[in-house]
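Per our numbering, residue 4 is the first one in the first sequence, and the count goes up by one each step.
For reference, the structure is listed below as structure tokens.
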Amino acid sequence: MENSQVAAVFDQIADILEIQGENPFRIRSYRNAARSVGDLSERIADYVAAGKDPEDLPGIGESLAGKIGEILSTGTCRTLEDLRKKLPPHLPDLLKVKGLGPRKVKALWDKLNITSLAELKSAAAAGRIRDLEGMGEKTEQNILKGLATLEAEAGRTGIRQATEHAASIRRHLEGIKAIRRLEPAGSFRRRRETVGDLDFLVIASDRAKAADGILRYESIEDVLARGEEKVSARLASGVQVDFRFVEDEEFGAAWMYFTGSKAHNIVLRKRAQKDGLKLNEYGLFRGEERIAGRSEEEVFKALGLPWIPPELREDRGEVDAAERGQLPQLIEREDIRGDLHAHTNATDGANTLEEMVAAAQARGYEYLAITDHSKAVTVARGLNEAALRKQADRVRAYGEKLKGFWLLAGVEVDILKDGKLDLQEKVLAELDWVCASVHSAMELPEDRMTQRLVAAIRSGVVHCIGHPFGRLIGKRDAIRFDPEKVFAACKESGVCLEINSYPDRLDLPDVHCKRACEVGLTMVVSTDSHKIADLDLVEYGIGVARRGWLEKKDVLNTLSASALRKRLKRK
DNA sequence: GCCGTTTTCGGCCCGACTGTTTTCAGTCG
Numbered sequence: 004m005e006n007s008q009v010a011a012v013f014d015q016i017a018d019i020l021e022i023q024g025e026n027p028f029r030i031r032s033y034r035n036a037a038r039s040v041g042d043l044s045e046r047i048a049d050y051v052a053a054g055k056d057p058e059d060l061p062g063i064g065e066s067l068a069g070k071i072g073e074i075l076s077t078g079t080c081r082t083l084e085d086l087r088k089k090l091p092p093h094l095p096d097l098l099k100v101k102g103l104g105p106r107k108v109k110a111l112w113d114k115l116n117i118t119s120l121a122e123l124k125s126a127a128a129a130g131r132i133r134d135l136e137g138m139g140e141k142t143e144q145n146i147l148k149g150l151a152t153l154e155a156e157a158g159r160t161g162i163r164q165a166t167e168h169a170a171s172i173r174r175h176l177e178g179i180k181a182i183r184r185l186e187p188a189g190s191f192r193r194r195r196e197t198v199g200d201l202d203f204l205v206i207a208s209d210r211a212k213a214a215d216g217i218l219r220y221e222s223i224e225d226v227l228a229r230g231e232e233k234v235s236a237r238l239a240s241g242v243q244v245d246f247r248f249v250e251d252e253e254f255g256a257a258w259m260y261f262t263g264s265k266a267h268n269i270v271l272r273k274r275a276q277k278d279g280l281k282l283n284e285y286g287l288f289r290g291e292e293r294i295a296g297r298s299e300e301e302v303f304k305a306l307g308l309p310w311i312p313p314e315l316r317e318d319r320g321e322v323d324a325a326e327r328g329q330l331p332q333l334i335e336r337e338d339i340r341g342d343l344h345a346h347t348n349a350t351d352g353a354n355t356l357e358e359m360v361a362a363a364q365a366r367g368y369e370y371l372a373i374t375d376h377s378k379a380v381t382v383a384r385g386l387n388e389a390a391l392r393k394q395a396d397r398v399r400a401y402g403e404k405l406k407g408f409w410l411l412a413g414v415e416v417d418i419l420k421d422g423k424l425d426l427q428e429k430v431l432a433e434l435d436w437v438c439a440s441v442h443s444a445m446e447l448p449e450d451r452m453t454q455r456l457v458a459a460i461r462s463g464v465v466h467c468i469g470h471p472f473g474r475l476i477g478k479r480d481a482i483r484f485d486p487e488k489v490f491a492a493c494k495e496s497g498v499c500l501e502i503n504s505y506p507d508r509l510d511l512p513d514v515h516c517k518r519a520c521e522v523g524l525t526m527v528v529s530t531d532s533h534k535i536a537d538l539d540l541v542e543y544g545i546g547v548a549r550r551g552w553l554e555k556k557d558v559l560n561t562l563s564a565s566a567l568r569k570r571l572k573r574k
């Protein structure tokens, strides 16, 4: 039972209660509980099994703690099953359509007997929705658009695509004279691995002209809203972009508000309230008087807090940490001194050894580990013992010619189904850097997967576990293992965990990163480069590391080449 | 349903935009 499954039960309960028009605060409790469990790095099943009390988790009281126990043992809970009997099974799906909330869904069901997305589509297409009270032709059109979007986008946009869109939008907006300042906000600014939409804050000398300019952006397919305060559009790619107009004196408060997360904002607002203040997107107010708002620093300061980096604003303890003066000094891109996961054309990389080295040097790195695949990865023409030895000789020979740069002879060796490594340990022991990864048999049951990873970690020849969860965002689920046991084995054997920067992976995920750090593990921010341009993906890995509360000292490849050499010395 | 440095009961974050209405409900973030 995964945390996401427990969270899903609570979210489903909340959905049904909403359609039923239940007490909104009760509904919020279920939503909060879903988030609380979903954000937990430890598995809730293990947490409970270890005898810890779910009531210690934020937003979990006696009732929800009982339901967690019930869900863990039965996969569902009585409350959900009883609620389900009161509605058609697919009715809550309608809530996913943008523009449809619980009240409209209820009306569609009551008045038109619509119980599924398919029925909604045919009713809207047939023009039957416009006759309902409170709905008109526009509503009907928006439902059809919402359905189309739902079918097309299938979820959120990856960070890489979002970054590319943001850069392109910035280039367009820089040419508009009426715009004085533009800053990204939302989950994009918090560097989440996927974003729902892109948010920008705009200071304009003339809002009407600025809006005209924005809407001339060539990739806009559909204008969703245009008001005094905001312009909202959908791009041809399906991504929604919101632009909010703000004034100088409210910019900081607005930036905080639109950066979120929502949960973080609520914590700050409650805190303001306690001091007799009011915090909204226009500023921090005492009565009618705005006491802060121009910059984020000013607002945080007026709340008695230091500035909190956006990556931490998830209501995962950052406000408390800020209050105690214990915010981490987050790692920066510039702290990275080398890359420890790179492929060449010896296996499935696109570039030669020499090209990869030149690219690493051009980025100011002091070292690079060549980690081609081992033989089990046949599709990548993985290396056997003899081929690897030959490559290592070549790597070392070339490395000796390089001044002030350490070229590590390494490998990305497969962890086989039984936990053995894909190459003889004596060959692996000759290398400077051994990254071990799972690429096959990803469906193993949890206990066997845990044993498999622990066996590899305890081999004594492995430095790092590559992309530990093996997930591909939006495409393939994570492999299942007990993180606490695996982390404990890493701690015992001095093995690092990789934060793979590849945008599809971003693995170790942020919450596990935070947990691994608490356990005292060292992470490696690597790119898994398959071509020279991939070396720049490290930016995304840094985003994950920062979201995982990591400091420079928690990441191995912030060490200088000489310090790393000492650290990696084979016994 | 949760929670408590005024409270174990009575609160629970806050505002904009749309579409449908003639003053507002629903939705969104």
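Note that CB positions come from ideal geometry on N, CA and C, so glycine has one too.
Given the structure is predicted, the values throughout are model-derived calculations rather than measurements.
Residues of its chain near residue i, where Cβ-Cβ distance is below 6 Å and the 5 sequence neighbours each way are ignored
| i | result |
| --- | --- |
| L431 | V437 and V464 |
| R184 | I206 |
| T166 | none |
| G199 | R159 |
| V558 | I334, M526 and V528 |
| P105 | E21 and I22 |
| I47 | N6, V9 and V40 |
| K555 | I334, D338 and T561 |
| G137 | none |
| G402 | L410 |
Contact under 8 Å by Cβ, residue i with residue j
| i | j | result |
| --- | --- | --- |
| D425 | D435 | no |
| L306 | A275 | yes |
| R238 | H175 | The sequence given here has Leu at residue 238, not Arg. Not a contact, by the Cβ cut-off of 8 Å. |
| E446 | F484 | no |
| L282 | R272 | yes |
| A363 | D338 | no |
| L540 | S563 | no |
| F577 | R219 | Absent from the structure is residue 577, since the part of the chain shown begins at 4 and ends at 574. |
| P309 | A325 | yes |
| R131 | L115 | yes |
Beta-carbon proximity list for residue i, same chain, < 7 Å, skipping 5 on both sides
| i | result |
| --- | --- |
| G385 | T350, H376, S377, K378 and A379 |
| D513 | V547, R550 and G551 |
| V12 | I74, T79, C80 and L83 |
| L90 | I19 and I22 |
| H533 | H346, D351, G352 and A353 |
| V457 | K488, V489 and A492 |
C-alpha distance - residue i paired with residue j, whole-angstrom precision
| i | j | result |
| --- | --- | --- |
| L201 | I311 | 21 Å |
| A365 | A372 | 15 Å |
| C493 | P61 | 29 Å |
| P27 | Y33 | 10 Å |
| A536 | T530 | 10 Å |
| D96 | Y368 | 50 Å |
| L287 | V322 | 17 Å |
| L509 | R133 | 45 Å |
| E65 | G72 | 11 Å |
| L153 | I217 | 25 Å |
| R397 | T381 | 22 Å |
| I117 | K88 | 17 Å |
| K265 | E388 | 52 Å |
| G422 | A439 | 10 Å |
| R455 | H515 | 19 Å |
| D85 | E299 | 46 Å |
| A584 | E232 | What is shown of the chain runs 4 to 574, which leaves residue 584 out entirely. |
| G497 | H466 | 8 Å |
Nearest candidate by alpha-carbon position, reference residue i, set the options
| i | options | result |
| --- | --- | --- |
| A170 | K180, I182, A181 and E186 | E186 |
| S222 | R461, R229, R173 and I16 | R173 |
| G139 | L447, I117 and A127 | A127 |
| V522 | D539, P486 and N503 | P486 |
| L135 | A110, T118 and G189 | A110 |
| M359 | E388, D59 and L411 | L411 |
| F191 | L280, W258 and E122 | W258 |
| K101 | L500, K114 and A151 | A151 |
| G473 | M452, D49, I460 and R29 | M452 |
| K107 | T77, N145 and K70 | N145 |
Cβ shell of residue i (< 8 Å), same chain only, five flanking positions each side left out
| i | result |
| --- | --- |
| D251 | I206 and R297 |
| R336 | V541, E542 and I545 |
Exercise for review: Any chance you could list the beta strand (DSSP E) runs of at least 3 consecutive residues sitting entirely within the segment 202 to 278, in chain order?
Suggested key: 223 to 229, 233 to 238 and 243 to 248
Exercise for review: Go through the segment 291 to 347 residue by residue and report every complete run of the alpha helix (DSSP H) that reaches 4 residues or more, in order.
Suggested key: 299 to 305 and 321 to 326
Exercise for review: List in chain order: all unbroken beta strand (DSSP E) runs of 3+ residues lying wholly within the segment 363 to 414.
Suggested key: Look at the segment 363 to 414 and you find these whole runs of beta strand (DSSP E), each 3 residues long or longer: 370 to 373.
Exercise for review: Give, in chain order, every unbroken run of the alpha helix (DSSP H) that is at least 4 residues long and sits entirely within the segment 76 to 145.
Suggested key: For the segment 76 to 145, the continuous alpha helix (DSSP H) assignments of 4+ residues that do not extend past its boundaries occur at 81 to 87, 105 to 115 and 120 to 128, in sequence order.
Practice item. Output the residue ranges of the beta strand (DSSP E) runs that lie fully inside the segment 471 to 530 and measure 3 residues or longer, sorted by chain position. Key: 499 to 503 and 526 to 529
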